[in-house]
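Sequences listed follow chains A and B, in order.
For what it's worth, my numbering labels the leading residue of the first sequence as 6, then goes sequentially.
For what it's worth, my numbering labels the leading residue of the second sequence as 6, then goes sequentially.
Below is one structure; the comments refer to it alone.
There are 2 protein chains.
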Amino acid sequence: MEQYFSILVQCPLFSGIEQEDMKAMLKCLGGKFISVSKGDPVFLEGTPAQLVGVVLSGGVQVVQDDYYGNRSVLSILQPGESFGEAFSCAGLENMPVSVFAMKDSQVLLLNCGRILTLCSHTCHFHSLLIQNILKGLAQKNLAFTQKVRYMSQKTTKEKLLAYLFDQAKQQGSAEFVVPCERQALADYLGVERTAMSAEISKLKKAGLLDTKGSWFCLKHVYQNN
Amino acid sequence: MEQYFSILVQCPLFSGIEQEDMKAMLKCLGGKFISVSKGDPVFLEGTPAQLVGVVLSGGVQVVQDDYYGNRSVLSILQPGESFGEAFSCAGLENMPVSVFAMKDSQVLLLNCGRILTLCSHTCHFHSLLIQNILKGLAQKNLAFTQKVRYMSQKTTKEKLLAYLFDQAKQQGSAEFVVPCERQALADYLGVERTAMSAEISKLKKAGLLDTKGSWFCLKHVYQNN
DNA sequence: TCTCCTATGTTGGAATTCCAACAACTGTTT
DNA sequence: AAACAGTTGTTGGAATTCCAACATAGGAGA
């Protein structure tokens, strides 16, 4: 158990909480360490939604099945990442997703109800924990907002430019570096890599853009295209 | 001021808080009621991100400008709705958006820092408020997750079916009613209304679907298309 | 009933995307 | 240098979407 404290203190969920407080906190929250074999579920859809999980080792997958059993992968989580907050905090009765171990994994399960309501005046880490959850959810919200804005553009070119303009703004310069490669960027924007490549070439030839690898430079010629 | 308490108690942000507690709470949180004329800003991009706003009357618009000044509308808020939580809770230094009044409006501004940290042991509504914010953010997260999942499908048909399958599942029946009209549904899915209409017709002719207005019925024939 | 209005469905050609196959470039290893 | 793997750019035809214009249906009100 103690062996995982060094992982936990690095996890965003526990940011600001000292390692020596960890044990008391886990006790207060009713934390349970569980081992899950590769392919086995951490929990299944329909489980009461009051769990927050933290991956300690291995890796897990959050999946959702539709009405006809077609399965889609919502996210893949590495050690240190947490899952389930959104469902538990949204006030759902039951989990709308299942979580499976992709490798043999260790997972810490917390009871979300205890996090949100109990004893907030005695444990000082309690409000810290809530703020961390809040911060995580809020950041995901912002990330989603951006992604949806890019994806809502009609054409590949518009999606790409919307993204690049945002990057320029965030990094405060028309010259900047994007955090991923072409394929990953295309996937993120919901476009085809080859179509995106073609658009980039066109923009280059038109003198509106320069790029090499993950480095981009926008020329100051834009208004509304 | 008191005149707005009846609006506030209906607002999701203050759900569970009694009208008689409202005054004390607003004092504790440093709430400020402000009037904004049509077209004027509630706040501008760059303002320190620690505000949460609640629309009391009129209506406001959240807008974001890109690096070259192209403006896009992120959301439109009616009385009772709140804004700014995501930015404040995400730990941003400054607001990345501006908020403008679309009509003459009354707005309540709260200091998010006070909500999250102060005096959580004395005011019992404090933890309620935090839970309400948490719940709101979590619900938006789930909504975004779904929307992104639909929009990530390649074709109009796939986007539509992903949505319909989800609706069937959520409503627990292959027969269900969608909460909006064709045009709004198309906009939400990021497709063209006419293309969507065409797909619906095809599915109907293929006997996979029946629909009239907002009523839909999926036939049990699907596996993976 | 007739008219108006809005929501929805239909259609055809232009524009765009998708997909597969391949070419060019880069960095690494041998 | 040569071989190799991985990333990025190019291209052409099939599939799909976009867009405008029009058709149809149903409801509200005169």
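For each residue, glycine too, the CB sits at the ideal point set by N, CA and C.
Given the structure is predicted, the values throughout are model-derived calculations rather than measurements.
Residue burial classification, residue i (beta-carbon count within 10 angstroms, cutoff 16)
{"i": "ASN230(B)", "result": "The pLDDT assigned to ASN230(B) is 40, lower than 50, so where the model puts this residue is not dependable; a value taken from the coordinates is nonetheless given after this. Under this definition ASN230(B) is an exposed residue."}
{"i": "LYS140(B)", "result": "buried"}
{"i": "HIS131(B)", "result": "buried"}
{"i": "ASN146(B)", "result": "buried"}
{"i": "LEU49(A)", "result": "exposed"}
{"i": "LYS164(A)", "result": "buried"}
{"i": "SER110(A)", "result": "buried"}
{"i": "SER87(A)", "result": "buried"}
{"i": "SER93(B)", "result": "buried"}
{"i": "CYS16(A)", "result": "buried"}
{"i": "ALA91(A)", "result": "buried"}
{"i": "GLN175(B)", "result": "exposed"}
{"i": "THR122(B)", "result": "exposed"}
{"i": "GLU25(A)", "result": "exposed"}
{"i": "ALA148(A)", "result": "exposed"}
{"i": "THR161(A)", "result": "buried"}
{"i": "ALA54(B)", "result": "buried"}
{"i": "GLY89(A)", "result": "buried"}
{"i": "GLY177(B)", "result": "exposed"}
{"i": "GLY96(B)", "result": "exposed"}
{"i": "GLY21(B)", "result": "exposed"}
{"i": "GLU204(A)", "result": "buried"}
Where residue i meets chain A, residues with beta-carbon distance less than 7 Å
{"i": "ILE135(B)", "result": "ILE135"}
{"i": "SER77(B)", "result": "ARG154"}
{"i": "GLY96(B)", "result": "LYS140"}
{"i": "THR161(B)", "result": "Chain A residues near THR161(B): none, gap ~13 Å exceeds 7 Å."}
{"i": "THR199(B)", "result": "By Cβ distance, chain A contributes nothing, its closest Cβ being about 14 Å from THR199(B), past 7 Å."}
CB contact check: residue i to chain A, cutoff 8 Å
{"i": "SER125(B)", "result": "Low confidence applies here, because SER125(B) scores a pLDDT of 49, under 50, leaving its location unreliable; read the following figure in that light. At least one chain A Cβ lies under 8 Å of SER125(B)."}
{"i": "SER132(B)", "result": "yes"}
{"i": "LYS164(B)", "result": "no"}
{"i": "THR216(B)", "result": "no"}
Chain A residues whose Cβ lies nearer than 8 Å to that of residue i
{"i": "GLN144(B)", "result": "ALA95 and GLY96"}
{"i": "SER157(B)", "result": "MET156 and GLY195"}
Residue-chain proximity (residue i, chain B), Cβ-Cβ < 8 Å
{"i": "GLY51(A)", "result": "no"}
{"i": "ALA91(A)", "result": "yes"}
{"i": "THR122(A)", "result": "yes"}
Contact list for residue i against chain A, beta-carbon separation under 9 Å
{"i": "LEU147(B)", "result": "ALA91, PHE92, ALA95, LEU97 and PRO101"}
{"i": "ALA106(B)", "result": "The contacting residues do not exist; ALA106(B) stays about 21 Å from chain A at best."}
{"i": "ALA173(B)", "result": "ASP71, TYR72 and TYR73"}
Interface residues of chain B facing residue i [CB-CB closer than 7 Å]
{"i": "SER202(A)", "result": "Neighbours of SER202(A) on chain B: none; closest Cβ ~18 Å, over 7 Å."}
Sufficient close CB pairs (3 or more, under 8 Å) joining the stretch 110–117 of chain A to the stretch 56–73 of chain A: Taking a contact to require three or more Cβ pairs closer than 8 Å, the stretch 110–117 of chain A and the stretch 56–73 of chain A qualify as touching.
query: Does the stretch 31–50 of chain A touch the stretch 77–86 of chain A, meaning 3 or more C-beta pairs lie closer than 8 Å?
result: The stretch 77–86 of chain A makes no contact with the stretch 31–50 of chain A: fewer than 3 CB pairs, one atom from each, lie closer than 8 Å.
task: Identify every run of the alpha helix (DSSP H) within the stretch 87–119 of chain A, keeping only runs that are complete inside it and at least 4 residues long; order them along the chain.
output: Counting only runs of at least 4 residues, the stretch 87–119 of chain A fully encloses the following alpha helix (DSSP H) elements, listed from N- to C-terminal order: 90–94.
task: Scan the stretch 11–89 of chain B and note each continuous beta strand (DSSP E) run of 3 residues or more that stays entirely inside, going in chain order.
output: For the stretch 11–89 of chain B, whole beta strand (DSSP E) runs of length 3 or above, ordered along the chain, are 37–41, 46–48, 56–62, 65–70 and 76–82.
- prompt: Are there three or more Cβ pairs, one per stretch, closer than 8 Å when the stretch 92–100 of chain A is compared with the stretch 152–166 of chain B?
  reply: They do not touch, by the three-pair rule.
- request: Say whether the stretch 210–221 of chain B touches the stretch 166–184 of chain B, bearing in mind that this needs 3 or more beta-carbon pairs closer than 8 Å, one atom from each stretch.
  value: With the cut-off at 8 Å, the stretch 210–221 of chain B and the stretch 166–184 of chain B touch.
query: Are the stretch 63–73 of chain B and the stretch 167–176 of chain A in contact at 8 Å, needing three or more beta carbon pairs?
result: Yes, they touch.
message: Report the start-end ranges of each alpha helix (DSSP H) in the stretch 167–220 of chain A that is 4 residues or longer and not cut off at the edges.
response: You should have 187–194 and 198–210.
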